[in-house]
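Colleague: Quick one: this structure, given as structure tokens, is what I'll be asking you about.
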Amino acid sequence: MNVAVVGATGAVGEAMLSILEQRNFPVNEIFPLASSRSAGKSVVFNGRSLEVGRLDEFDFSTVELGLFSAGGSVSAEYAPKATAAGCIVVDNTSYFRNDPEIPLIVPEVNLHALDQHQGIIANPNCSTIQMVVALKPIYDAVGIHRINVATYQAVSGAGRRAIEELAGQTAALLNGKKPAIEVMPKQIAFNVIPEIDSFQDNGYTREEMKMVWETRKILEDDTLMINPTAVRVPVFYGHSEAVHLETRDPVTAAEVRQLLSVAPGVTVIDDHTPGGYPTAVTEAAKQDGVFVGRIREDISCDRGINLWIVSDNVRKGAALNSIQISEALLDRM
Ligand code: NAP
Ligand code: 12T
Numbered sequence: 019m020n021v022a023v024v025g026a027t028g029a030v031g032e033a034m035l036s037i038l039e040q041r042n043f044p045v046n047e048i049f050p051l052a053s054s055r056s057a058g059k060s061v062v063f064n065g066r067s068l069e070v071g072r073l074d075e076f077d078f079s080t081v082e083l084g085l086f087s088a089g090g091s092v093s094a095e096y097a098p099k100a101t102a103a104g105c106i107v108v109d110n111t112s113y114f115r116n117d118p119e120i121p122l123i124v125p126e127v128n129l130h131a132l133d134q135h136q137g138i139i140a141n142p143n144c145s146t147i148q149m150v151v152a153l154k155p156i157y158d159a160v161g162i163h164r165i166n167v168a169t170y171q172a173v174s175g176a177g178r179r180a181i182e183e184l185a186g187q188t189a190a191l192l193n194g195k196k197p198a199i200e201v202m203p204k205q206i207a208f209n210v211i212p213e214i215d216s217f218q219d220n221g222y223t224r225e226e227m228k229m230v231w232e233t234r235k236i237l238e239d240d241t242l243m244i245n246p247t248a249v250r251v252p253v254f255y256g257h258s259e260a261v262h263l264e265t266r267d268p269v270t271a272a273e274v275r276q277l278l279s280v281a282p283g284v285t286v287i288d289d290h291t292p293g294g295y296p297t298a299v300t301e302a303a304k305q306d307g308v309f310v311g312r313i314r315e316d317i318s319c320d321r322g323i324n325l326w327i328v329s330d331n332v333r334k335g336a337a338l339n340s341i342q343i344s345e346a347l348l349d350r351m
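Everything in the sequence shown is counted per the working numbering, starting at 19 for the first residue and increasing by one.
This is the structure in structure tokens:
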């Protein structure tokens, strides 16, 4: 396949290039694209240095697949142009996710919905992806009525400049200097911020509402009750989630552990010993899986189950999931 990577100089685009390479995706020609700011810079693919091209000058009829991660407004403008030129688009932005005509896919969970695609396939939000991978086997076995979730999200979710801001603030503070605050709403180094994406009329943030809208769409269940709090923490790679479920039928922690131990894409690390659980930096970062630990019955609620879920937000939360979707598209050709 000829493949265009739109946003190739970004945090997600860079991971896309390296995952395409690692998984031996059948790439014929690859076109890294970005804005005029980065045109002419180079990126590395399969040991070769490639020049970054300008998205606004690119002819999408020369590629079969476009992996988009350059922001919602870029996808709004260029994804329809790409499909009109015969290119299939896997879109990582939130722009098309809630469109009922556009499949929103996590391959371990709802690959069947891919068959409805008309040229654009949406990749869900990072926090939604890792949660539904872990919840799908429980949902199928005993049903889920309600989900309470608090996220602990890495700065890489907000892109390259946010990664640099955490590093820069940390260095500044350790050197007794004032931290510069440009990308995040407050100081993120040595802090925790309960604001990701914009505030909505109901007092939730858009990042929180994405978890509601997207989880319902992926699990095809509009009755599912979801109550998220999305929080940014000073971690570079890997989102963590404390999830509290209310299931429809009773289930024990041991049964949940068993369900998850055979679930696709899930690794259970749940020893009741010091350190016997996954963390973002130690287990999840740079890995492909969704890691689950701290599985226990909720002592405050009948049919309540608690879980701790971590995964690499840039890989499974974005680039890897998009490439798994692309592999499934290839299988269907
Ligand atoms: P990033 O590090 O800031 O990178 C942004 C990329 O988009 C860069 O390559 C940038 O190119 C390119 N870009 C920006 N405006 C452009 C334009 N007008 N024309 C062409 N290219 C343009 O951000 P990121 O973390 O990689 O995220 C990129 C997008 O992916 C986000 O906006 C979001 O929509 C999506 N995303 C999704 C998830 C998820 O949960 N699935 C997670 C993270 C991000 P330049 O170098 O030229 O500026
Ligand atoms: N604002 O693709 O800031 O909907 O961590 C993913 C991550 C949007 C998205 C973040 C964001 C998305 C973030």
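We put the CB at the ideal spot given by N, CA and C, even for glycine.
#1: Would you say the beta carbon of Glu225 is closer than 7 Å to some non-hydrogen atom of the ligand 12T?
#2: Hey, would you say Val284 sits closer than 8 Å to Val151, going by beta carbons?
#3: I want to check one thing, is the minimum distance from the CB of Gln187 to the heavy atoms of the ligand 12T below 7 Å?
#4: Would you give the residue range spanned by the alpha helix (DSSP H) that Leu242 belongs to?
#5: Anyone know if the C-beta pair for Val322 and Asp330 falls short of 8 Å?
#6: What do you reckon, are the CB atoms on Val310 and Trp326 nearer than 8 Å?
#7: Do Phe76 and Val107 count as a contact pair if the criterion is CB distance below 8 Å?
#8: Among all the DSSP beta bridges, which residues are the ones paired with Phe254?
#9: Drop a sphere of 10 angstroms on the beta-carbon of Asn147, count the other beta-carbons inside from all chains shown, and report buried for 16 or more, exposed for fewer.
#10: Hey, would you say the C-beta of Lys228 is under 7 Å away from at least one heavy atom of the ligand 12T?
#11: How about Ala52: is its Cβ closer than 7 Å to a heavy atom in the ligand MN?
#12: Going by C-alpha distance, which of Leu348, Gln342, Ile48, Thr297 is nearest Val127?
#13: Using a 10 Å radius around the Cβ and a threshold of 16 neighbouring Cβ atoms, would you call Ile139 buried or exposed?
#14: Any heavy atom of the ligand NAP within a distance shorter than 7 Å of the CB on Val160?
#15: Is Glu66 near the ligand NAP, judged by its Cβ being under 7 Å from some heavy atom?
#16: So what does DSSP say about Glu211, is it helix, strand or coil?
#17: With 16 other CB atoms within 10 Å as the buried threshold, where does His135 fall?
#18: So the beta strand (DSSP E) Ile156 belongs to, where does it begin and stop?
#19: Consider the C-beta atom of Gln305 and the heavy atoms of the ligand 12T; say whether any pair is separated by less than 7 Å.
#20: What are the partner residues of Thr265, as DSSP defines its beta bridges?
#21: Answer with buried or exposed for Met149, where buried requires no fewer than 16 other C-beta atoms within 10 angstroms of its C-beta.
#22: Between Gln40 and the ligand 12T, is the CB less than 7 Å from at least one heavy atom?
#23: Thr223 and Ile214 - do their beta-carbons sit closer together than 8 Å?
#24: Leaving out five residues before and five after Asn20 in sequence, what residues of the same chain have Cβ atoms less than 7 Å from its Cβ?
#25: For the region 255 to 270 and the region 160 to 178, state whether three or more C-beta atom pairs, one from each stretch, are separated by less than 8 Å.
#26: Output needed for Ser174: all residues of its chain with C-beta closer than 8 Å, excluding positions within five of it in sequence on either side, in chain order.
#27: Give me the Cα-Cα distance between Ala94 and Tyr113, rounded to the nearest whole angstrom.
#28: Keeping to the same chain, check which residues put their C-beta closer than 6 Å to that of Pro246; ignore five residues upstream and five downstream.
#29: Between Ala176 and the ligand 12T, is the CB less than 7 Å from at least one heavy atom?
#30: Go through its chain and collect everything with a Cβ distance to Val249's Cβ below 8 Å, but skip five positions before and after it.
#31: Just to confirm the assignment: which complete beta strand (DSSP E) runs, minimum length 3, are found wholly within the region 82 to 135?
#32: Apply the 10 Å Cβ neighbour rule to Ile244 and answer buried if 16 or more other Cβ atoms are within range, or exposed otherwise.
#33: Arg115 and Pro142 look like a contact to me (Cβ under 8 Å); what is the Cβ gap, rounded to whole Å?
#34: Run the CB neighbour count on Phe63, radius 10 Å, all protein chains shown included, and call it buried at 16 or more, exposed below.
Modeller: From the atom records:
#1: Yes.
#2: Cβ distance < 8 Å, so Val284 and Val151 count as in contact.
#3: With a cutoff of 7 Å, Gln187 does not count as near the ligand 12T, since its C-beta is closer than that to no heavy atom of the ligand.
#4: Unbroken run through Leu242: none, as it is neither H nor E.
#5: First, the amino acid is wrong: residue 322 is Gly here, not Val. Between Gly322 and Asp330, the CB-CB gap reaches or exceeds 8 Å.
#6: Going by beta carbons, Val310 and Trp326 fall inside the 8 Å limit.
#7: Judged by beta-carbon spacing, Phe76 lies beyond the 8 Å limit of Val107, meaning their Cβ atoms are not closer than that value.
#8: Looking at the DSSP assignment, Phe254 forms no beta bridge with any residue, so it has no partner.
#9: Looking at the sequence itself, residue 147 is Ile, so the reference to Asn does not match. Buried: at least 16 other Cβ atoms inside 10 Å.
#10: Checking every heavy atom of the ligand 12T against the Cβ of Lys228, one is found closer than 7 Å.
#11: With respect to small molecules bound, the structure shown includes the ligand NAP and the ligand 12T and not the ligand MN.
#12: The option with the nearest alpha carbon to Val127 is Gln342.
#13: Classification for Ile139: buried.
#14: No, since every heavy atom of the ligand NAP falls outside the 7 Å radius drawn around the Cβ of Val160.
#15: Reading off the sequence, residue 66 comes out as Arg, not Glu. No, the beta carbon of Arg66 sits no closer than 7 Å to any heavy atom of the ligand NAP.
#16: At residue 211 the sequence reads Ile, which differs from the Glu that was named. It is a strand residue.
#17: Around the beta carbon of His135, a 10 Å sphere encloses 16 or more other beta carbons of the protein chains shown; the residue is thus reported as buried.
#18: Careful: Ile156 lies outside any beta strand (DSSP E), inside the alpha helix (DSSP H) at 144 to 160.
#19: Checking the Cβ of Gln305 against the ligand 12T gives no.
#20: Answer is Ile162.
#21: Buried, since its Cβ has 16 or more Cβ neighbours within 10 Å.
#22: No - the ligand 12T has no heavy atom lying nearer than 7 Å to the Cβ of Gln40.
#23: In this structure, Thr223 lies closer than 8 Å to Ile214 by Cβ.
#24: Once the five neighbours on either side are set aside, the close Cβ partners of Asn20 are Asn46, Glu47, Thr80, Val81, Glu82.
#25: Yes, the region 255 to 270 is in contact with the region 160 to 178.
#26: So the list reads Ala29, Ala180, Ile181, Phe254, Tyr255, Asn331, Val332, once near-sequence residues are dropped.
#27: Roughly 7 Å separates the two Cα atoms.
#28: Taken in chain order, the residues that qualify are Val167, Glu226, Met229.
#29: Checking every heavy atom of the ligand 12T against the Cβ of Ala176, one is found closer than 7 Å.
#30: Excluding positions up to five away in sequence, the list reads Ala168, Thr169, Tyr170, Gln171, Val210, Ile211, Pro212, Ile214.
#31: If we require 3 residues or more, the beta strand (DSSP E) runs fully inside the region 82 to 135 come out as 83 to 86, 106 to 109.
#32: Within a 10 Å sphere around the beta-carbon of Ile244 sit 16 or more other beta-carbons, which makes this residue buried.
#33: The beta-carbon separation of Arg115 and Pro142, rounded to 6 Å, stays under the 8 Å limit for a contact.
#34: Answer is buried; the Cβ neighbour count reaches 16.
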